[in-house]
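Quick note, this note's numbering runs 1400 ahead of the 1-based positions in the sequence shown.
Glycine included, each C-beta is placed from N, C-alpha and C at the ideal position.
Comments concern the structure below.
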Amino acid sequence: MATQSLPRISEEEYLRLDRAAEYKSEFVDGEMFAMSGGSLRHSRVGMNWGIQLGNKLLGGDCRVFSSDARIQTARGNYVYPDVSVVCGPPLLLEKTNDLLTNPTLVVEVLSPSTTAYDRGRKFQVYREIASVQEYVLSHVKAPHVEVFSRQHDQSWIFREYFGIESEATLASIGCTVSLDDLYTQVFDLPE
């Protein structure tokens, strides 16, 4: 949820500042963006994704990470997805313990202030990562999930799922997730 841009800085300076800060920031094209807090709905949808994927992938080769997992792209951008999944061993940037470089699937929960960024520049940043096979957008106003899947020719296929009775198919990690489960305890919360 990028909100405020700071002057252009180096990757090293970004990492120094972000690691010492009390809040998270993303780093895209030399600019550091302070991230705003999300709504309760946003938080709950993200938590539900983590719970559902964690339960489905437990004991397998894939691991689920929360919004605290920073990801580095091939071009030196750094982002915090709401949820990410790494299949196989997590690969970290050399000499770090906090920079994932090989997510398989990334989930962003859309909020009014970040929808354009998540659909546009942030999706472009995720496409820089060769390991990313699926990009998922989850709405907070209604049970609605969008899944973008990378193809062998590097093109992307779009699938959309609406309604509590739907199930989103996540081919990259071999599972489906019920929208009823993803949106449990969401709509009684303020937007």
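Own chain residues within Cβ distance below 6 Å of residue i, not counting five before or after
i, result
"C1575", "K1456"
"V1509", "H1442, V1445, G1446, D1482, S1538"
"R1559", "V1547"
"S1572", "T1504, L1505, Q1533, E1534"
Local conformation of residue i per DSSP, three classes
i, result
"Y1478", "strand"
"R1463", "strand"
"A1469", "coil"
"I1529", "coil"
"E1426", "strand"
"F1562", "strand"
"E1591", "coil"
"T1445", "Residue identity differs from the one stated: residue 1445 is Val in this sequence, not Thr. Correct three-state label for V1445: helix."
"A1421", "coil"
"E1508", "strand"
"M1401", "Model confidence at M1401 stands at a pLDDT of 45, short of 50, so the residue's coordinates are unreliable; what they give is reported in the following sentence. Looking at M1401 - three-state DSSP - the assignment turns out to be coil, as it is neither helix nor strand."
"T1584", "coil"
"T1514", "coil"
"L1500", "strand"
Per-residue burial, residue i [other beta carbons within 10 Å of its own, 16 or more giving buried]
i, result
"E1422", "exposed"
"E1494", "exposed"
"R1419", "exposed"
"T1496", "exposed"
"G1488", "exposed"
"G1520", "exposed"
"R1463", "buried"
"G1459", "exposed"
"Q1524", "exposed"
"I1557", "exposed"
"A1474", "exposed"
Contact set for residue i: own chain, Cβ-Cβ below 7 Å, skip 5 residues either direction
i, result
"E1426", "A1402, F1433, M1435, Y1478, V1479, Y1480"
"G1476", "E1411"
Sequence-distant residues of its chain with Cβ nearer than 8 Å to residue i (five each side left out)
i, result
"N1502", "V1486, G1488, P1490, L1491, I1529, S1531"
"S1439", "S1511, V1540, L1589, P1590, E1591"
DSSP beta-bridge partners of residue i
i, result
"E1546", "L1537, E1560"
"E1431", "V1428"
- prompt: Taking contact to mean at least 3 C-beta pairs separated by less than 8 Å, is the segment 1580-1587 in contact with the segment 1428-1437?
  reply: no
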